[in-house]
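A short write-up of the structure that comes next.
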Amino acid sequence: MQLSAKYNPAEVEDKWYSYWIKNRCFHSEPDNREAYTIVIPPPNVTGILHMGHVLNNTLNDVLTRKARMDGKNACWVPGTDHASIATENKVVARLKERGIRKEDIGREEFLKYAWEWKEEHGGIILEQLRKLGASCDWDRTKFTMEPALSKAVIDTFVYFYKKGLIYRGVRMVNWDPEGLTAVSDEEVIHRDTKSHFYHLKYYISDGNGNPTDDYLVIATTRPETIMADAAICVNPKDERHFRLHGKKVLIPLINREIPVIEDDYVEMDFGTGCLKVTPAHDAHDYEIGLRHNLPVMDIIDDHGRLNENAQILIGEDRFVARKKIVGMLEEAGNLVKVEEYVSPVGYSERTNAVIEPKLSTQWFLKMEELASKALESVESGKVKLIPDKYRSTYRHWMENVHDWCISRQLWWGQRIPAWYLPDGSFVVEPDEESALKAAQAINPGLKAEDLRQDDDVLDTWFSSWLWPISVFDAGRPGNPDHKPNRDLSYYYPTNDLVTGPDILFFWVARMIMAGNEFMGDVPFRNVYLTGIVRDKLGRKMSKTLGNSPDPLDLIKKYGADAVRIGMLLCSSAGNDIFYDESQIEQGRNFCGKIWNAWRLVSGWNVDPDAKQDETGRVAVKWFDNLLSKTICEVEDHYSKFRISDALMAIYKLFWDDFCSWYLELVKPGSGRAIDPLTYEASVDFFEKLLKLIHPVMPFITEELWHAMGERREGETIMFERSPKAGPYDAAFLSAFDTVRGLVMGLRSLRQQNGVSPKDRLDLYLEGADSLQELFPVLDKLGNVQVQAGAAEGASASFISGTVKASVPMGDYVNVEEERRKLEAELEHQKSFLEGVRRKLSNEKFVSNAPEAVVASERKKESDALARIKAIEESLKSL
RNA sequence: GGAAGGUUAGCUCAGCUGGUUUAGAGCACCUGCCUUACAAGCAGGGGGUCACUGGUUCGAAUCCAGUACCUUCCACCA
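In this text, residue positions in the first sequence follow my numbering: the first is 73, and each later residue adds one.
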């Protein structure tokens, strides 16, 4: 088959992806082979592919394809995450464009829009993954909010509630008074904001609600909240305030009496050392309030206006109230001073309104027990983190875990299965029907319309933590008695998980918890944590910065294989990736190299009667050994998840060894034919190389594998076995390296002395008896006639390994420089030898160290000796 | 503020048990080549006192301590 002069990825990629789909090459069913399973970190259903996805999914695909070629039953389960916050935001924004507010249309109508959006946009990112070459089992595509998976989430909630791990509690939420909604911590942007620090006098009460002459001073940025104060707090060790202990003070303007309390939380050297405690409007104050049993008074309504609890300035906006109350305080003589002050203030990402901390009732899951088991899973090595530096981070988090707030004030998501009775009590049941029954058990007269379901939905992570279980058998989570179906028992636990370290806690840790709880086993064995993809300037790729290239454009421009290589080249585990388009260019160039190499080999004429010459025989022997050795290295890299090292080893084998040395050695001169033995060996090497490359570059390898020979419909390189390493002759390989060093030394000498590579030279070798077999290599690639003994007259000489070579070079040689170099090396060798000998004469070392280590030291000793001898002889002959 | 990690060539990174790596790779750079597979290429070359300071050792990029800077995660100071 004739190849086009240039590789055209676009054509090839579409062709083979359709071919793989048509032949259901990615599909997996349980059978009697060993399973290799990966579940995709489900991308947001509304998301579009960015460079982070490319990195992540390329790694997943490499691992999957490698396992498949190792003969395992590989199954990579794809799917998407409903991503409640992100998706709801998008739908809200879209409705806003049409002038619709979600509150106006109500929950049901809104959800219709949301599902519409999902149907329209939900498949995009999966479609994009296909362009990358992802070998996912698309028949198994799942969505975290599809009915079965949603039911699993609800069952899980009921399960934990009945187990006593889910409870209702009060928590500060970030309230957006403009959007009239609570927003998550991630949606709050902290910005340093100029404000004022108001120092206010609080007079000490005489005990009957009347002020005395004594007062204390507090510093606050929010004077409009003083009416909600529940106490003044000082540090118990603060001598300045000992006189206040047990006293009561009066809130300015409204003269309400509040106690002075003591708590370590107050820093003595910040502000005045007196803190006003306002439990309803500050998260820390709320905590202090709990510790000291303080009443909670809420004086700000949902729109950010003061309510009647405030007694004054009722109905005023919080910022207007702030201005007004400062005037009032000044007039009343309570304002001591005002300082300029810069402090971080939270703003809503959506509306840019200043966030108002607001108390609300939320649902929580107790984490202590789940976390300690999940910690044990990693500590014991049942789950390996790669790189393992994350173990300590993981431990720290698991040991300091707080209860998980699982309710979200949103509509897009699984609605909390709690139903409130008219009296305010509630029941938790998987559905409305059983909720009614449960409610009637409390109050037999109740009807369905008396019940009101909780308005909140569950945190998205509360569904994604079930992912490795629910994609196979959604009936299991929440129902430990449910017998796992065939898929779940075959594919669980999965093997590897590839994801970013930023969600180690949010997602990975929680999956381990769910796995332990519902399966009695961890969900995966290895967690490969990638780095974060950054641009050249080290900034995170983000949409707002606009510094993220569109991966699809890159695929169009360079081809999917090139993009995959580009990402892998610079991605050692756990290190951030500095994205640079030149790496993708490198990938594209590699495609070109592979393509052209096959163009060369496929263009050879074979002469059936030709005999293999010595050069061909030696070349084949060498590459066969090298291939085995490199396969061993590559396998070792894969086993340690050093994917970029594995790739680099393959890259160099193909480019530097196969193309630059092997093919150059065996290629017939122009107009000549090649012998059958060498030809067959070359084609065989090429096929093995393609198989080695396939996991990282699926498209071009499939194309060339088909170009190499007749294939039946449905045959694919991805079902071929990875090439296996045979035994290899290390001594022969090292001899070849010596010869290679000689050839390179020759080339260098020629270049420096202006001698053309075409001029044939005599090469004098000393100590080269063992290299005789490889002389044809020197002949062909060095263009020299090999002679024994020393060169006469002026010669340039050099050492490669223990072999000394010299070439007649006329007047060009700089003997002095040569001597200096050799003397320096001699000195180094001698001192090294001394050290090695000292070590070997140490009895403790010889008897305690492993045998292999001692052997390698002995080899070092003999090598150094030989080298010293060679150098000394060179020096003599100079 | 708490925790973890990092600092090696212009850039991105290897360097696993301290020594044959008197510091390696890829890219970029310089020089010479359109040599019929490949200029997206070939051949050759230059470039680093391994952040800094001390310590352990015959020997340190590698182990220990301190300093500086950077990154991430957590908590964010009334």
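Here a beta-carbon is modelled for each residue, glycine too, at the ideal position from N, C-alpha and C.
Between residue 716 and residue 128, the alpha-carbon positions lie close to 13 Å from each other. Per DSSP, the continuous beta strand (DSSP E) segment holding residue 419 begins and ends at 407-420.
By the criterion of a C-beta distance shorter than 6 Å, residue 206 is surrounded in its chain by 129 and 133, once the five residues flanking it on both sides are discounted.
Just measuring C-alpha positions, the residue of 393, 78, 326 and 284 sitting nearest residue 377 is 393.
By a beta-carbon distance limit of 8 Å, residue 117 contacts residue 190. Their separation comes to about 6 Å.
In the three-state scheme derived from DSSP, where H, G and I count as helix and E and B as strand, residue 217 is classed as coil. Taking C-beta atoms as the reference points, residue 545 and residue 110 fail to come closer than 9 Å. With 16 or more other CB atoms across the displayed protein chains lying within 10 angstroms of its CB, residue 485 is buried. Across the set 330, 683 and 833, the C-alpha of 683 shows the shortest separation from the C-alpha of residue 751. In this structure, residue 335 lies near residue 364, with their beta-carbon atoms less than 9 Å apart. Contact annotation: the segment 453-469 does not touch the segment 212-231, with fewer than three C-beta pairs closer than 8 Å. For residue 666, no beta strand (DSSP E) segment is defined; the enclosing uninterrupted segment is the alpha helix (DSSP H) at 653-674.
As the crow flies, the alpha-carbon of residue 914 is around 31 Å from that of residue 894. When the alpha-carbon of residue 788 is set against those of 418, 799, 766 and 796, the nearest one is in 766.
From the listed residues 217, 656 and 658, the smallest Cα separation to residue 487 is found for 217. Exposure of residue 672 is indicated by the presence of fewer than 16 other C-beta atoms within 10 angstroms of its C-beta. Collapsing the DSSP output to three states places residue 244 in a strand. Here residue 947 is exposed: its Cβ has fewer than 16 other Cβ atoms, across all protein chains shown, within 10 Å.
Rounded to whole angstroms, the gap between the alpha carbons of residue 361 and residue 634 is 60 Å. Within the segment 417-483, the complete beta strand (DSSP E) segments at least 3 residues long are 428-437 and 456-458, listed from N- to C-terminus. Here the segment 321-328 does not lie against the segment 421-429, with fewer than 3 beta-carbon pairs under 8 Å apart. When the five nearest sequence neighbours on each side are left out, the beta carbons in the same chain lying within less than 6 Å of the beta carbon of residue 351 are those of 302, 357, 358, 361, 366 and 368, in order along the chain. In this model, residue 686 and residue 764 are separated by some 28 Å (Cα to Cα). Take residue 265, set aside five residues on each side of it, and the residues of its chain with a beta-carbon closer than 8 Å to its own are 414, 415, 416 and 417, in chain order.
Residue 114 holds the alpha-carbon nearest to the alpha-carbon of residue 195 among 114, 309 and 848. By the C-beta density criterion, residue 261 is exposed, having fewer than 16 other C-beta atoms within 10 angstroms. For residue 485, the three-state secondary structure derived from DSSP is coil. Residue pairing by DSSP puts residue 334 in a beta bridge opposite 306. 9 Å or more divides the Cβ of residue 905 from the Cβ of residue 930. Counting along the chain, residue 206 sits inside no alpha helix (DSSP H), nor does DSSP assign it H or E at all. Remark: C-beta atoms of residue 214 and residue 152 approach each other more closely than 9 Å.
Bounds of any alpha helix (DSSP H) do not take in residue 263; it lies within the beta strand (DSSP E) bounded by 260-277.
Sorting 760, 936, 559 and 832 by C-alpha distance to the C-alpha of residue 104 places 559 at the top. Per DSSP, the unbroken beta strand (DSSP E) holding residue 838 starts and ends at 833-838. DSSP places residue 862 in the coil class of the three-state scheme, outside both helix and strand. Around the beta carbon of residue 655, a 10 Å sphere encloses 16 or more other beta carbons of the protein chains shown; the residue is thus reported as buried.
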